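Student: Mapping of the sequence shown onto UniProt numbering: position 58 corresponds to residue 58, and the numbering continues sequentially without gaps.
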Amino acid sequence: MSKPILELKHVVTKVNRNTPEEITLLKDLNLTINEGDFITVLGSNGAGKSTLFNTIAGNLPADSGDILLRGKSIVHESEEKRTRFLSRVFQDPKLGTAPRMTVAENLLLATKRGEKRHLMPRHLKQSMAEFEELTAGMGNGLNERLNTPTGNLSGGQRQALSFLMATLRRPDILLLDEHTAALDPKTSQQLMTTTNERIIDQKLTCLMITHHLDDAITYGNRLIVIGDGRITYDVAGEEKQRLTKEQLYGFFSDLKE
Numbered sequence: 001m002s003k004p005i006l007e008l009k010h011v012v013t014k015v016n017r018n019t020p021e022e023i024t025l026l027k028d029l030n031l032t033i034n035e036g037d038f039i040t041v042l043g044s045n046g047a048g049k050s051t052l053f054n055t056i057a058g059n060l061p062a063d064s065g066d067i068l069l070r071g072k073s074i075v076h077e078s079e080e081k082r083t084r085f086l087s088r089v090f091q092d093p094k095l096g097t098a099p100r101m102t103v104a105e106n107l108l109l110a111t112k113r114g115e116k117r118h119l120m121p122r123h124l125k126q127s128m129a130e131f132e133e134l135t136a137g138m139g140n141g142l143n144e145r146l147n148t149p150t151g152n153l154s155g156g157q158r159q160a161l162s163f164l165m166a167t168l169r170r171p172d173i174l175l176l177d178e179h180t181a182a183l184d185p186k187t188s189q190q191l192m193t194t195t196n197e198r199i200i201d202q203k204l205t206c207l208m209i210t211h212h213l214d215d216a217i218t219y220g221n222r223l224i225v226i227g228d229g230r231i232t233y234d235v236a237g238e239e240k241q242r243l244t245k246e247q248l249y250g251f252f253s254d255l256k257e
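This is the structure in structure tokens:
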């Protein structure tokens, strides 16, 4: 039986603290994530999906409650320290890559994720064959652009690079924050297919926010719905496989086909 890798216990997260505009975004939220879970995350706009990711990643501090990684509290660890075990891909293809650095240079940077930074030889040439094989698997021509500045890539290629960088060192936790939403339908589906293959092959533990019901039902072994800062629905295994879009429509009204 899979063991919990990450646990959120009675987590409360607020913004604009101690001001008249104070808002509680996560409200006594509890979530246990098991090793190897691929969880699709649904919820209406403002329900708390991105806040959940920001709290797990350390962008937003939890006001109360605890976050445990393999039983050890990380609730007070900084965002920087959490990069030792956590990677994230954002909706915007411009985030997560350095635009003036080439594709190969970005990938080399990703191999050092979570390590202390210090001056050392790059050894870029020795890594080129590995990077070419890695990018060829994306099926979008990225392998032919290893020496191209990332800012000159298409949105789909740049997002594929962000995903590769996030998974290069096999993170304990992978957060996909609507990572296909800004792409055209064909490119989005191509990246989603590759994403699923890589998660399965590497046995990654992943949470993926999506607004597409088809993707939420098709991918992953588990599905959760967030509503008003809490987990309102949590389904896994065969029960998830039997889900239909019609069953999910009752939870929210702003999701796409």
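Each residue gets a CB set at the ideal place from its N, CA and C atoms; glycine is no exception.
Computed from a predicted model, the values in this text were never measured in an experiment.
Taking all protein chains shown into account, do 16 or more other C-beta atoms lie within 10 angstroms of the C-beta of A47, making it buried, or fewer, making it exposed?
Tutor: Result: buried.
Student: If you drop the 5 nearest sequence neighbours on each side, which residues of the same chain put their C-beta closer than 6 Å to that of L60?
Tutor: Around L60: T13 and N54.
Student: For the region 26-74, which segments carrying the alpha helix (DSSP H) assignment without a break, of at least 4 residues, lie completely within its bounds, in sequence order?
Tutor: Segments of the alpha helix (DSSP H) lying fully in the region 26-74: 49-57.
Student: Would you mind working out which of A182, A236 and M208 sits nearest residue 263, comparing C-alpha positions?
Tutor: Lying before the first or after the last residue shown, residue 263 is absent from the chain, which here runs from 1 to 257.
Student: How big is the Cα-Cα spacing for T232 and K27?
Tutor: The straight-line gap from Cα to Cα measures roughly 12 Å.
Student: Apart from the five residues just before and just after L175, which ones in its own chain have a Cβ nearer than 6 Å to its Cβ?
Tutor: For L175, where only same-chain residues beyond five positions count, the Cβ hits under 6 Å are F53, R88 and L207.
Student: Shorter than 8 Å from the beta carbon of N45 to some beta carbon of chain D?
Tutor: Chain labels in this structure do not include chain D; a single protein chain is all it has.
Student: If we ignore side chains and look at the alpha-carbon of each, how far apart do R84 and S78 end up?
Tutor: Distance between the alpha carbons of R84 and S78: 11 Å.
Student: Below 7 Å CB to CB, which residues in the same chain sit around A136 once its five sequence neighbours on both sides are set aside?
Tutor: Correct list, in chain order: N143.
Student: Hey, I67 and L8 are a contact pair by Cβ (cut 8 Å); roughly how many whole angstroms apart?
Tutor: I67 to L8, Cβ: 6 Å. Contact.
Student: Out of curiosity, what's the CA-to-CA distance linking N147 and R17?
Tutor: Computed Cα separation, rounded: 46 Å.
Student: Can you name the residues that DSSP bridges to E7?
Tutor: Paired residues: T32 and L68.
Student: Determine whether the beta carbon atoms of R145 and L134 lie at a separation below 8 Å.
Tutor: Going by C-beta atoms, R145 is not nearer than 8 Å to L134.
Student: Using the C-alpha atoms, what's the distance from I199 back to A110?
Tutor: Roughly 17 Å separates the two Cα atoms.
Student: Check D92 in the structure and name its three-state DSSP category.
Tutor: Three-state DSSP puts D92 in coil, outside helix and strand.
Student: Thinking just about the alpha-carbon of each residue, which of R242, P4 and R230 is nearest to the one in L42?
Tutor: Nearest of R242, P4 and R230 to L42, Cα basis: R230.
Student: Just to confirm before moving on: does the CB-CB distance between S2 and D177 stay below 8 Å?
Tutor: The answer is no: Cβ separation not under 8 Å.
Student: Taking the straight line between their C-alpha atoms, what separation do you get for G156 and R170?
Tutor: Rounded to the nearest angstrom, the two C-alpha atoms are 22 Å apart.
Student: Compare the C-alpha of R158 against each of A236, D214, G96 and G65 and name the closest.
Tutor: The shortest Cα separation from R158 among A236, D214, G96 and G65 belongs to G96.
Student: Any idea what DSSP makes of Y219, helix, strand or coil?
Tutor: Correct three-state label for Y219: coil.
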